[in-house]
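Enquirer: If you're matching positions, the sequence shown starts at 48 in this note's numbering and goes up one per residue.
The beta carbon of each residue, even a glycine, is placed where N, CA and C say it ideally should be.
Got a structure here, written out as structure tokens. Questions coming.
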Amino acid sequence: MGLSEDLAALKEAQPHFVFLDYEGLKAAAESKDADAVLRRLRGELDKVNDVVAVQWEVLSTEFTKQLSKDDVDNPETLENLAKAIVQLHSYVSLSYEALMSIVRICGEQEETVSCAWFASRVDGAPFRACDFDALLAQLGRLYENWRRQHGQPGAPWLDAQGDGHGPAQAFWIPQGSAMLAKVELLKLLAPAARQVRIPTTSTSRSAARRVVDVVRSRGNYNYDWRHKLSLVFFDSPQGDQYAERYRRNLPAAESTSERPRTKLLQCSWVHDSDRDTEVHLSVEDAQGVATEAHLPHREMPALLAGKLDAAEVAAKGGTSSEECERQQQIALESALSVIRDGGLRPSVSASFQRSSYVMDGAGGPSEIACVDEELIFRDEAAAVSGGWCLAAGTRRAEEEFQGAVLQVRLPAAGTEKLLARLGSLDLKPMPGFSVALHATALFHRQLAVPPPPWIPSESLPAAAGSSFQAPDAKQPGSATKEAAGAASPARSTKSAKAPVNETAKKPAAAAEAARRGWRCFPPHKKPDTKLFVDVKTPMASERTVIRWFRSAVLLASLSGLLMASADVSANMNGFLLGLAALMFIGMPTRQFWQRSMEFTHPESAQPKVDRTLPKVLSMILSVILTATLIVEAFGPQLGATT
Numbered sequence: 048m049g050l051s052e053d054l055a056a057l058k059e060a061q062p063h064f065v066f067l068d069y070e071g072l073k074a075a076a077e078s079k080d081a082d083a084v085l086r087r088l089r090g091e092l093d094k095v096n097d098v099v100a101v102q103w104e105v106l107s108t109e110f111t112k113q114l115s116k117d118d119v120d121n122p123e124t125l126e127n128l129a130k131a132i133v134q135l136h137s138y139v140s141l142s143y144e145a146l147m148s149i150v151r152i153c154g155e156q157e158e159t160v161s162c163a164w165f166a167s168r169v170d171g172a173p174f175r176a177c178d179f180d181a182l183l184a185q186l187g188r189l190y191e192n193w194r195r196q197h198g199q200p201g202a203p204w205l206d207a208q209g210d211g212h213g214p215a216q217a218f219w220i221p222q223g224s225a226m227l228a229k230v231e232l233l234k235l236l237a238p239a240a241r242q243v244r245i246p247t248t249s250t251s252r253s254a255a256r257r258v259v260d261v262v263r264s265r266g267n268y269n270y271d272w273r274h275k276l277s278l279v280f281f282d283s284p285q286g287d288q289y290a291e292r293y294r295r296n297l298p299a300a301e302s303t304s305e306r307p308r309t310k311l312l313q314c315s316w317v318h319d320s321d322r323d324t325e326v327h328l329s330v331e332d333a334q335g336v337a338t339e340a341h342l343p344h345r346e347m348p349a350l351l352a353g354k355l356d357a358a359e360v361a362a363k364g365g366t367s368s369e370e371c372e373r374q375q376q377i378a379l380e381s382a383l384s385v386i387r388d389g390g391l392r393p394s395v396s397a398s399f400q401r402s403s404y405v406m407d408g409a410g411g412p413s414e415i416a417c418v419d420e421e422l423i424f425r426d427e428a429a430a431v432s433g434g435w436c437l438a439a440g441t442r443r444a445e446e447e448f449q450g451a452v453l454q455v456r457l458p459a460a461g462t463e464k465l466l467a468r469l470g471s472l473d474l475k476p477m478p479g480f481s482v483a484l485h486a487t488a489l490f491h492r493q494l495a496v497p498p499p500p501w502i503p504s505e506s507l508p509a510a511a512g513s514s515f516q517a518p519d520a521k522q523p524g525s526a527t528k529e530a531a532g533a534a535s536p537a538r539s540t541k542s543a544k545a546p547v548n549e550t551a552k553k554p555a556a557a558a559e560a561a562r563r564g565w566r567c568f569p570p571h572k573k574p575d576t577k578l579f580v581d582v583k584t585p586m587a588s589e590r591t592v593i594r595w596f597r598s599a600v601l602l603a604s605l606s607g608l609l610m611a612s613a614d615v616s617a618n619m620n621g622f623l624l625g626l627a628a629l630m631f632i633g634m635p636t637r638q639f640w641q642r643s644m645e646f647t648h649p650e651s652a653q654p655k656v657d658r659t660l661p662k663v664l665s666m667i668l669s670v671i672l673t674a675t676l677i678v679e680a681f682g683p684q685l686g687a688t689t
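Next comes the structure, spelled out in structure tokens:
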């Protein structure tokens with residue numbers, strides 16, 4: 048269905064909602080009247096903000112009321128709350144799509160292109176700040192209380208066999224159904240959420256923003272449930288890592304079994320604003336035994352270049368025991384060995400939002416299912432071996448996954464019964480799904496042999512040349528790369544005929560990554576320059592020059608008034624004041640330029656403050672004013688005497 052049909056269907060389901068006039072907005076955009084379009088957009092945006100704020104207040108109040116009770120009175124109350132969350136989320140999503148659609152239409156027309164700036168207003172609108180995960184976490188608590196009251200800590204078919212470990216079965220969730228899937232999972236499993244204290248809302252914000260934020264932070268608490276994860280996968284020009292992942296995820300399929308077994312390397316991190324980001328390294332051998340370590344982001348270029356001191360980094364890791372420090376060192380040395388021996392470099396990456404669902408077992412809570420949303424795949428095959436998270440800058444450097452992914456870690460019987468409960472969502476199985484395999488097939492089609500079975504053949508890109516650049520003899524793993532070049536003469540010939548312009552490619556890649564909001568880490572971070580100049584000094588110099596210019600304007604104005612007089616002495620005074628005004632402009636500007644040059648090449652100490660210029664200018668001004676007073680006071684007597 049189109050956007051108009053979706054809005055009409057939601058309006059029929061929720062007649063008490065006040066919906067924006069999408070057809071009216073389209074008519075205003077087609078009239079090509081920029082002022083009328085902006086007035087309509089502002090009015091409709093305010094309408095959506097008000098509706099969401101009111102509905103959010105009602106839902107939050109009801110959740111607070113239900114959570115304050117010891118038991119749940121009626122299961123229909125939970126069903127109504129779940130339905131209200133899904134409908135409000137649909138209202139927010141459709142309203143956002145409708146407003147952005149109108150802004151795009153305006154941007155394509157010359158008469159209304161000035162309205163394109165309104166997109167930033169829509170992105171920052173209060174209704175976009177609603178945290179539905181907080182409501183879902185509270186809904187999960189209510190369902191958990193209901194199951195505990197009726198002696199059902201979990202569904203009877205969710206037994207201890209699903210311990211949250213081992214391979215997961217993946218299913219594709221259609222776009223727009225992720226919220227409904229998460230609500231249905233909450234009826235069976237508990238959310239992996241923890242209550243986190245957040246600061247109170249500032250009173251300096253706008254009224255609409257304050258309403259939404261106060262509702263979000265009711266009681267100064269929020270629910271930390273959904274996390275943004277980033278994964279980076281490595282590979283060699285021969286695709287050894289892809290072949291090994293394909294073999295492990297799809298053991299029954301016909302894969303490249305003639306290749307020797309190799310270790311798998313990947314890194315991941317959770318985006319957390321409360322602490323420094325650390326990369327989680329994982330090296331898994333052929334038997335599935337994994338060694339793990341944590342490494343600061345700034346150390347990743349050294350790891351890729353093979354120059355990382357594993358012992359020193361492990362010692363600085365702040366581990367609680369020598370055994371943990373030794374395990375960290377072993378894992379880092381293993382990662383260095385895999386990168387060096389396999390000639391690995393970053394190949395693809397993925398970032399997504401993950402919501403986890405757990406069930407209490409004998410060993411504590413275990414993750415049974417998770418929903419991954421907002422999946423974005425990126426090409427990380429940088430031209431330089433030391434590059435880290437630097438997009439290649441190609442036309443297809445980024446690809447968005449349509450829909451969401453449900454991953455279940457249960458026995459076959461439990462998975463079938465779970466899918467039966469989610470039968471209305473039209474889930475599609477994706478056997479052997481892997482983020483690494485999917486991204487490799489999108490950006491490095493020549494390495495994805497055979498291609499992943501869940502991607503339709505018509506959706507796969509045509510096989511193209513490798514984005515892995517020609518090897519350098521000075522880089523780690525060059526022997527492996529040279530052997531690969533000898534085995535593939537056509538690929539080496541193509542690389543020789545079309546050398547890559549590194550100087551032009553790096554700024555383009557950085558600009559592309561900055562435009563997409565992707566964090567870039569340069570291959571070699573330069574040390575910070577020691578600052579010998581107080582950061583307030585340049586600002587003080589600028590303020591001083593502005594003050595001199597202001598005085599020059601006053602003197603020039605007074606000079607103009609005196610020069611316009613018919614009195615000769617007044618004309619002389621005006622001329623002298625004009626000269627002083629010119630000096631007030633020239634001399635401070637010259638001193639400001641000199642001090643700027645000193646700041647550009649600072650010495651080992653703070654530059655000395657020169658007070659000569661203010662003294663000279665103040666003396667000149669005093670002389671001129673004194674002469675003016677003398678002429679005005681004794682001018683008539685001197686004229687009469689002569």
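(1) Are there three or more Cβ pairs, one per stretch, closer than 8 angstroms when the region 341-356 is compared with the region 381-394?
(2) In the DSSP assignment, find the unbroken beta strand (DSSP E) run with E747 in it and report its ends.
(3) On the three-state DSSP scale, how would you describe R562?
(4) Can you give the Cα-Cα distance for R642 and T591, rounded to whole angstroms?
(5) Look up L328 in the DSSP assignment and give the residues it is bridged to.
(6) Which residue's Cα is closest to the Cα of L355: A81, A382 and G335?
(7) If you check the beta carbons only, do I423 and S384 fall under 8 angstroms apart?
(8) Compare the beta carbon distance of A163 and C177 with 8 angstroms and say whether it is the shorter of the two.
(9) Using only the alpha-carbon positions, how far apart do V160 and R151 sit?
(10) Whole angstroms is fine: what's the gap from F281's alpha carbon to Q222's?
(11) A599 by DSSP, collapsed to three states: which one?
(12) What residue range does the beta strand (DSSP E) around A217 cover?
(13) Out of L624, D473, L57 and V482, point me to the one whose CA is closest to I667's CA.
(14) Would you identify the three-state DSSP class for S368, choosing helix, strand or coil?
(15) Quick check on K229: buried or exposed, where buried means 16 or more other Cβ atoms within 10 Å of its Cβ?
(16) Which whole-angstrom value describes the C-beta separation of I149 and L72, a residue pair presumed to lie in contact below a C-beta threshold of 8 angstroms?
(17) Please classify C314 as buried or exposed, where buried requires at least 16 other C-beta atoms within 10 Å of its C-beta.
(18) What residues match up with V418 in a beta bridge as DSSP calls it?
(19) Please return the same chain residues whose Cβ sits closer than 7 angstroms to the Cβ of K234, not counting the five positions on each side in sequence.
(20) In the DSSP assignment, find the unbroken beta strand (DSSP E) run with P122 in it and report its ends.
(21) What's the call for V330, buried or exposed, on a 16-neighbour Cβ count within 10 Å?
(22) How should W704 be labelled, buried or exposed, when 16 other C-beta atoms within 10 angstroms of its C-beta is the threshold for buried?
(23) Output the residue ranges of the beta strand (DSSP E) runs that lie fully inside the region 463-509 and measure 3 residues or longer, sorted by chain position.
(24) Could you name the residues that DSSP lists as bridge partners for P238?
(25) Mind checking R310: buried by the 16 CB within 10 Å criterion, or exposed?
(26) If you count every other CB in all the chains shown that lies within 10 Å of the CB of G389, and 16 or more means buried, which is it?
(27) What does the alpha-carbon distance come out to for the pair Y270 and F66?
(28) Rounded to the nearest angstrom, what separates T124 and W193 at their Cα positions?
(29) Out of K275, R308, A299 and S277, point me to the one whose CA is closest to Y289's CA.
(30) Rounding to the nearest angstrom, what Cα-Cα distance links L141 and R637 in this structure?
(31) Is the distance from the Cβ of A237 to the Cβ of M477 below 8 angstroms?
(32) What separation, rounded to the nearest whole angstrom, lies between the Cα atoms of Q375 and A340?
(33) Could you give the first and the last residue of the continuous beta strand (DSSP E) run that contains L72?
(34) Measuring alpha carbon to alpha carbon, tell me which residue in L114, L135, N296 and A215 is nearest V498.
(35) Here's a check: name, in chain order, each residue in its chain whose Cβ is nearer than 8 angstroms to the Cβ of E91, leaving out the five neighbours to either side.
(36) Rounded to the nearest angstrom, what separates A225 and A451 at their Cα positions?
Expert: Quick answer:
(1) yes
(2) Given that the chain is displayed from residue 48 to residue 689, the structure contains no residue 747 and the question cannot be resolved.
(3) Interpretation of R562 is limited by its pLDDT of 38, a score under 50 that renders its predicted location unreliable; the figure taken from the coordinates is listed afterwards. DSSP places R562 in helix when its eight states are reduced to three.
(4) 12 angstroms
(5) C314 and A340
(6) A382
(7) no
(8) no
(9) 9 angstroms
(10) 29 angstroms
(11) helix
(12) Q216 to I220
(13) L624
(14) coil
(15) buried
(16) 5 angstroms
(17) buried
(18) S402 and L453
(19) Y190
(20) Unbroken run through P122 is the alpha helix (DSSP H), P122 to G154; no beta strand (DSSP E).
(21) buried
(22) Absent from the model: residue 704. The displayed extent of the chain is 48 to 689, so no value can be given.
(23) 475-477
(24) Y404
(25) For the sequence presented, residue 310 should be read as Lys rather than Arg. When all chains shown are included, K310 counts as buried.
(26) buried
(27) With a pLDDT of only 48 at Y270, under the threshold of 50, the placement of this residue in the model should not be trusted, and no figure is reported.
(28) 11 angstroms
(29) R308
(30) 60 angstroms
(31) no
(32) 5 angstroms
(33) Where L72 is concerned, there is no enclosing beta strand (DSSP E), although the alpha helix (DSSP H) it sits in stretches over Y69 to E77.
(34) Per the sequence presented here, residue 498 reads as Pro, with Val not at that position. Comparing Cα positions, the closest option is N296.
(35) L67, D68, L72 and L146
(36) 6 angstroms
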